[in-house]
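Trainee: Dropping the structure in here first, questions after.
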Amino acid sequence: MAEANALEELQSELTCPVCLELFRDPVILECGHHFCKLCIIQCWGAIEVSNCPKCRKSCERKLRPNSLLCNVVESVRKARTSDEREPGSSMCSMHEEKLKLYCEDDQLPICLVCGMSRDHKNHNVIPINEAFENYKVRLATQKALFLLVGECPQHSPAFLHLTPERWLTHHEFQ
Numbered sequence: 001m002a003e004a005n006a007l008e009e010l011q012s013e014l015t016c017p018v019c020l021e022l023f024r025d026p027v028i029l030e031c032g033h034h035f036c037k038l039c040i041i042q043c044w045g046a047i048e049v050s051n052c053p054k055c056r057k058s059c060e061r062k063l064r065p066n067s068l069l070c071n072v073v074e075s076v077r078k079a080r081t082s083d084e085r086e087p088g089s090s091m092c093s094m095h096e097e098k099l100k101l102y103c104e105d106d107q108l109p110i111c112l113v114c115g116m117s118r119d120h121k122n123h124n125v126i127p128i129n130e131a132f133e134n135y136k137v138r139l140a141t142q143k144a145l146f147l148l149v150g151e152c153p154q155h156s157p158a159f160l161h162l163t164p165e166r167w168l169t170h171h172e173f174q
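The sequence shown begins at 1 in the UniProt record's numbering and counts up by one.
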């Protein structure tokens, strides 16, 4: 759920203010605002004075391509299409490979290509099945501890708010 919200937020940042779509062939103006190349050309048309449609500052008609933004938009497009696939199809949005590994440092499932990339080079990467088993064991342990804490009168909800010092004082007088 948090990933979906983050993707939506990123998509809104990567949306052209003119066409309200993800940038296509993004360019940057002198004022720092980004637009689709075609959108800004159509906005300006044959008018001699060129203003930014967003901040209205006067700009020269020097459209600088933004390849970094173009790459980010492409990654979001891939992520969006992978989200639209059937649930449970675990594919890497960057490499279109199956997610077979788990990066314990980033706490993310990753594909074999990502596992060999410099982004995860020095990370602890394990097979995804092993990570699943580890989490099942941890979850079972936490559940058992939770049940034990619930049975222990010293850990009842009435005592959970006590600081360690107050708890020791309370415990000594029982």
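Every residue gets a Cβ at the ideal spot worked out from N, C-alpha and C, and that includes glycine.
As the structure is a computational prediction, the values presented were derived from the model and not from experiment.
1) Could you tell me whether the region 44-52 touches the region 72-79, using the rule of 3 or more Cβ pairs below 8 Å?
2) Can you give me the start and stop residues for the alpha helix (DSSP H) that L38 sits inside?
3) Would you call G115 buried or exposed, if buried means 16 or more other Cβ atoms sit within 10 Å of its Cβ?
4) For a test of the three-state rule: what should DSSP assign to residue 175, helix, strand or coil?
5) What is the rounded straight-line gap between the Cα of T15 and the Cα of L101?
6) Kindly indicate the opening and closing residues of the alpha helix (DSSP H) around L112.
7) Any chance the region 25-39 sits against the region 65-73, with 3 or more Cβ pairs inside 8 Å?
8) Within the same chain, show all residues whose beta-carbon is closer than 7 Å to that of N51, passing over the 5 residues directly before and after it, in chain order.
9) Under a three-way DSSP split, which group does C19 fall into?
10) Please confirm whether E97 and V113 have their CB atoms less than 8 Å apart.
11) Between the C-alpha atoms of I28 and R61, what's the straight-line distance to the nearest angstrom?
12) If you measure between the beta carbons of Q11 and L20, is that distance less than 8 Å?
13) Rounding to the nearest angstrom, what Cα-Cα distance links S90 and F132 in this structure?
14) Can you have a look at P17 and say buried or exposed, based on whether 16 or more other CB atoms are within 10 angstroms of its CB?
15) Grab me the residues of K54's own chain with a C-beta within less than 6 Å of its C-beta, minus the 5 sequence neighbours each way, in chain order.
16) Taking R24 as the reference, which of L145, N122, C70, C111 has the closest Cα?
17) Using a 10 Å radius around the Cβ and a threshold of 16 neighbouring Cβ atoms, would you call V125 buried or exposed?
18) Which of the three DSSP states is assigned to H34 in this structure?
Mentor: This is what the structure gives:
1) Touching, no.
2) Secondary structure note for L38: its alpha helix (DSSP H) is the uninterrupted segment 37-44.
3) buried
4) No statement about residue 175 is possible, as the shown extent of the chain runs from 1 to 174 and does not include it.
5) 32 Å
6) 112-116
7) Here the region 25-39 makes contact with the region 65-73; the two share three or more CB pairs at distances below 8 Å.
8) K57, S58, C59
9) Coil.
10) yes
11) 11 Å
12) no
13) 14 Å
14) P17 should be labelled exposed.
15) P17, H33
16) C70
17) buried
18) strand
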